[in-house]
Amino acid sequence: MARLLAKMWHILGSGAIGSIWASKLNSLNLDITLIFRDEERLGSFATTGNLVSVRSDQGLDQFQCLATTANKLTTPIQNLLVATKAFDAVSAITTLSNWLTAESTIVVMINGYGVQQELQTKFPHLIFTFASTTDGGYKTGEFETVWAGQGKTLVGSIKGTAKTPKEWEALPQIEATEDIDLILWRKLAINCCINPLTVKYNCRNGELLDIPGAMAEMSIIASEFEAISNATQKHLFDTPLLDQAKLVARTTQGNISSMLQDIRAGRRTEIRQITGALCDLAEQSGLAVPHNQSLLKLIIDLETNG
Ligand code: KPL
């Protein structure tokens, strides 16, 4: 009976974060429909029997989900989790825009800084909730994920109208924040300090701490970031950014950063939405961030030329 009344959540993006969150929402007995980008992915999901697998230190969670593509939708979407790559979010939401209304609950859980504001501007009639998570994971197959680190998720709205979905409140490690903009900015700062360097030095997050050259670069990245933060009057942390970044590198020492995972898999990275976002803001403030600029260029070159 309870299942009949269960709320339906659609999930856009079936990477590691989308799959981990499918598992979390499934644990709340919510009905889940994955929205795939094309028929090919939909067909390949069907061959698994619509099974999503998420392995964590709690064991293997395997569950069935409904699945569709945007052009097969026939009714408005009530609840949507957007867990795409940052560079895909605007176009993915555009394909669903006929089925999203001011009544839809839309939670956007993406990396980077800037796309969130772009969504708000592009779809002024929609109410977005933004989330920043430190959950860590990686894919071991098309629909198989390892949930490597149980993180914390902060949820809030930039316009002040959205709320944490009521049913999510039953999940552990979830918190509402009054200032999600600041949380996203802080996450950007950490990602600028760690992600491109893990690609440059081809190493796990924690290994950066033992490479003097990487630490020297991290210190420059952090001071350039702090200069932009001061110029844009955003309060970063109570302690220096470099210390915070070192702390995150230590606490996630075994992780292969999302950017290095993308490079190793030959995928496009989120460098434009991470370091690129900082470089854009620097330009608007009339300030230079040469070291971050050079890393932006390096990663774009690696994406293109391998
Ligand atoms: O967010 C991350 C990422 O890999 O994108 C960090 C914090 C670097 C953890 O791996």
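If you're matching positions, the sequence shown starts at 6 in our numbering and goes up one per residue. Yeah, the Cβ is synthetic: ideal placement off N, Cα and C, and Gly gets one too.
{"Asked": "DSSP-derived helix/strand/coil call for residue 116", "Found": "coil"}
{"Asked": "Contact test: residue 253 Cβ vs the ligand KPL heavy atom, cutoff 7 Å", "Found": "yes"}
{"Asked": "Chain-order list of residues whose beta-carbon lies under 8 Å from that of residue 166 (same chain, five-residue window excluded)", "Found": "132"}
{"Asked": "Exposure of residue 17, with buried meaning 16 or more beta-carbon neighbours within 10 Å", "Found": "buried"}
{"Asked": "At least 3 beta-carbon pairs within less than 8 Å: the region 37-57 vs the region 179-189", "Found": "no"}
{"Asked": "Beta-carbon gap between residue 269 and residue 308 smaller than 8 Å", "Found": "no"}
{"Asked": "Cut-off 8 Å between Cβ atoms - residues of its own chain near residue 202, not counting five sequence neighbours on either side", "Found": "213, 219, 222, 223, 226 and 300"}
{"Asked": "Boundaries of the beta strand (DSSP E) in which residue 180 is found, first to last residue", "Found": "179-181"}
{"Asked": "Any non-hydrogen atom of the ligand KPL within 7 Å of residue 310 CB", "Found": "no"}
{"Asked": "Contact test: residue 263 Cβ vs the ligand KPL heavy atom, cutoff 7 Å", "Found": "yes"}
{"Asked": "Nearest neighbour of residue 237, chosen from 89, 121, 190 and 91 [CA to CA]", "Found": "190"}
{"Asked": "Alpha-carbon spacing of residue 140 relative to residue 96, whole angstroms", "Found": "24 Å"}
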